[in-house]
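Notes follow once the structure below has been shown.
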Amino acid sequence: MPNPNAPAVDLATAIATAQSHETPWPRDPHAEPQPGQAPWGVHHDDPPPYNRLRGPVHSRGPQSGVVLQHGREIAAWGEPDRPDLTFSVAKTYLALLAGIAQRQGLLPDEDEPVSARLPGIGFDSDHNRAITWTQLLVQTSEWEGSCFGLPDSVDRWRKLAQDPRPADGPKGGQRPLRAPGIYWEYNDVRINQLSLALLHLFREPLPDVFLRELLQPLGGGEGFAWRGYDDSWVDLPGRGQVQSVPGGTHWGGGVSISARDQARIGQLFLDNGKSADGRQLIGADWLQRMAEPCGIAPFYGRLLWLNRDGKAFPGASRQALMMLGAGGHSVWIEPAFDAVVVLRWLDPASLSSVVGQLAAALAAPAAA
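In terms of this note's numbering, the sequence shown is residues -3 to 364.
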């Protein structure tokens, strides 16, 4: 919560701070970084031969954002209607799709092993057979294998700023696997395997499901796209070739979406899964479970970042939820202020400062 002794900050000042701290990535993903810039993307941090893009990417807009409070837009800046890549914010969208699958009766028990319902898609080995949907959603699955040519080992020992634990080894190292459910690791290959499983569960392209079941009923979807890798096509019986999509843009592809549509999705959490016209798009109980801390990683829910200790995102409440993506993407869902804040292409080093200033502004009577 805001520090009562901190100087007052208005919304315009907080927005100006965000705009003055744009991510150091080039706006053109194919351009060479200029002095003071960082390389575009995260794939270059992987060991060869996995340090390359495998799917399409496109140029980005400026630092942009949207603020909703009490269900209405009170601020927007930059290019809030521009469909831009959003990297791992797409992980949360996979969790929402799993909730839709449950509402439709396709996933009656998320604690059921994936292999019980979907044999033959990578969950049949002795190690993988017991992996459940819940373990994939909270990133404790320890799934072992390759998904579209990417081995899970490329993201073992991965360390993110929001993970409070010390790094145990070098990224991409051959960390010994644990039994499913007892070790937490942020691993994009395993997320892509979850996406593949959801594709087989729905038996139709996930972008179509997401657009039809969520974005369009929320009044959005203009320019939305969710692209896969060049080689991530699978044969679905009765459907032919369908592209499996990744839960981010680590190796290219991923979700392109506007800041306003991101805000619409964030508002869905505050509205307990209902659209503005009262339709129950996703179960309120599913959203509550997404926000429950993982037992062995209490800073994380179901493909959502949490702030239960108040330290991960200073200024935000302990009930705050965060969808995060590389390159400076944040969707901050703040029950304490009945607000949703979307930040795009913000220098991650400035996230805490900007969240703190926005929290102070949203707590002020003028913001309400």
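The beta-carbon is built from N, C-alpha and C at its ideal position, and this holds for glycine as well.
Selected residue, minimal CA-CA separation from residue i, among the options
i      : options                        : result
Gly145 : Arg125, Asp226, Gly236, Ala91  : Asp226
Tyr89  : Ala157, Ala359, Asp164, Phe220 : Phe220
Glu330 : Ala357, Asp343, Gly321, His39  : Ala357
Leu283 : Gln98, Trp21, Pro203           : Gln98
Thr128 : Ala71, Ala332, Ala175, Gln315  : Ala175
Gln315 : Arg199, Val238, Ala287, Gly74  : Ala287
Leu202 : Asp120, Gln276, Lys87          : Lys87
Gly95  : Leu197, Asp151, Asn303         : Leu197
Pro242 : Leu194, Phe265, Ala259, Arg208 : Leu194
Gly101 : Leu320, Ile278, Gly352         : Ile278
Asp204 : Ala71, Gln239, Val185, Trp180  : Gln239
Leu49  : Pro20, Ala72, Ser228, Gly169   : Ser228
Leu156 : Glu181, Thr19, Pro20, Asn124   : Glu181
Gly291 : Asp24, Ala72, His66, Thr130    : Thr130
Gln369 : Val336, Asp41, Gln353          : Since the first residue of the chain shown is -3 and the last is 364, residue 369 is not available in this structure.
Leu232 : Asp105, Pro20, Leu114          : Leu114
His123 : Glu140, Gly274, Ala355, Pro344 : Glu140
Ser271 : Gln158, Gln212, Ala91          : Gln212
Gln263 : Gly57, Met319, Ser121          : Met319
Cβ distance (whole Å) where residue i is taken to contact residue j below 8 Å
i      : j      : result
Pro79  : Arg223 : The Cβ separation is near 11 Å, so there is no contact.
Asn183 : Arg154 : 6 Å
Val338 : Gly61  : 6 Å
Thr82  : Val351 : About 18 Å; that fails the 8 Å criterion.
Leu266 : Asp334 : 6 Å
Gly321 : Val5   : Actually they do not touch by this definition, with Cβ atoms about 25 Å apart.
Gly168 : Arg152 : 7 Å
Gln258 : Val185 : With 8 Å as the limit, Gln258 and Val185 do not qualify as a contact, their Cβ atoms being about 25 Å apart.
Pro289 : Leu302 : 6 Å
Leu7   : Ala72  : That belief does not hold up - the Cβ atoms of Leu7 and Ala72 are roughly 11 Å apart, past 8 Å.
Thr13  : Gln353 : 6 Å
Residue i vs residue j beta-carbon contact at 8 Å
i      : j      : result
Ser254 : Pro76  : yes
Glu138 : Leu173 : yes
His39  : Trp247 : yes
Pro294 : Arg304 : yes
Gln59  : Gln15  : yes
Val150 : Tyr296 : no
Pro20  : Gln33  : yes
Ile261 : Leu317 : no
Through-space distance from residue j to residue i, alpha-carbon basis
i       : j      : result
Asn(-1) : Pro310 : The predicted position of Asn(-1) is uncertain, since its pLDDT is 49 and thus under 50; no value can be drawn from it.
Phe206  : Leu93  : 7 Å
Gly324  : Ala112 : 38 Å
Leu190  : Ser142 : 12 Å
Thr340  : Glu218 : According to the sequence provided, residue 340 is Arg. The question's Thr does not apply to it. Going by the C-alpha atoms only, they are around 18 Å apart.
Ile187  : Ala360 : 39 Å
Asp107  : Pro22  : 42 Å
Ser313  : Val63  : 16 Å
Asp148  : Val134 : 16 Å
Met(-3) : Ser348 : Summary for Met(-3): the model assigns pLDDT 47, below 50, so the residue's position carries little reliability; its value from the coordinates is reported in the next sentence. Rounded to whole angstroms, Met(-3) to Ser348 spans 12 Å at the Cα level.
Ala364  : Arg68  : Reliability of the predicted coordinates at Ala364 is poor, the pLDDT of 43 falling under 50, and the value obtained from them is presented with this limitation in mind. Approximately 10 Å between the Cα atoms of the pair.
Gly249  : Asp281 : 31 Å
Thr245  : Glu200 : 21 Å
Asn1    : Ile11  : For Asn1, the predicted structure reports a pLDDT of 48, less than 50, and the residue's modelled location is therefore unreliable. A value from the coordinates is still provided. Near 21 Å, if we compare the C-alpha coordinates of Ile11 and Asn1.
Pro43   : Leu214 : 41 Å
Leu342  : Ser55  : 15 Å
Ala27   : Pro35  : 9 Å
Gly216  : Asn268 : 18 Å
Tyr179  : Thr136 : 5 Å
Pro109  : Ile117 : 13 Å
Ala332  : Asp159 : 23 Å
Arg125  : Phe119 : 5 Å
Gly234  : Ala91  : 26 Å
Thr9    : Ala355 : 12 Å
Asp41   : Pro166 : 11 Å
Thr344  : Arg256 : Per the sequence presented here, residue 344 reads as Pro, with Thr not at that position. Roughly 20 Å between the two C-alpha positions.
Gly37   : Gln170 : 24 Å
Leu132  : Pro104 : 16 Å
Ala308  : Gly236 : 44 Å
Leu273  : Gly306 : According to the sequence displayed, residue 273 carries Asp and not Leu. Cα to Cα, Asp273 sits roughly 34 Å from Gly306.
Ser121  : Val230 : 20 Å
Practice task
Ignoring anything shorter than 3 residues or poking outside the segment 233 to 293, list the beta strand (DSSP E) runs there in chain order.
Solution key: Entirely contained in the segment 233 to 293, the beta strand (DSSP E) runs reaching 3 residues are, in chain order, 236 to 239, 250 to 253.
Handout entry: Continuous alpha helix (DSSP H) assignments of at least 4 residues falling wholly in the segment 289 to 320
Key = Given a length threshold of 4 residues, the segment 289 to 320 has no whole run of the alpha helix (DSSP H) inside it.
Exercise for the section: Let me know the alpha helix (DSSP H) ranges lying completely inside the segment 3 to 69, each 4 residues or longer, listed in chain order. Expected result: Fully contained in the segment 3 to 69 are the following alpha helix (DSSP H) runs of length 4 or more, in chain order: 7 to 15.
Handout entry: alpha helix (DSSP H) segments (min. 4 residues) lying fully within the segment 157 to 201
Key = With a minimum length of 4 residues, the continuous alpha helix (DSSP H) runs that stay inside the segment 157 to 201 are 184 to 198.
Exercise for the section: Entirely within the segment 74 to 136 and at least 4 residues each: give me those alpha helix (DSSP H) ranges in chain order. Expected result: Runs found: 85 to 99, 110 to 113, 129 to 134.
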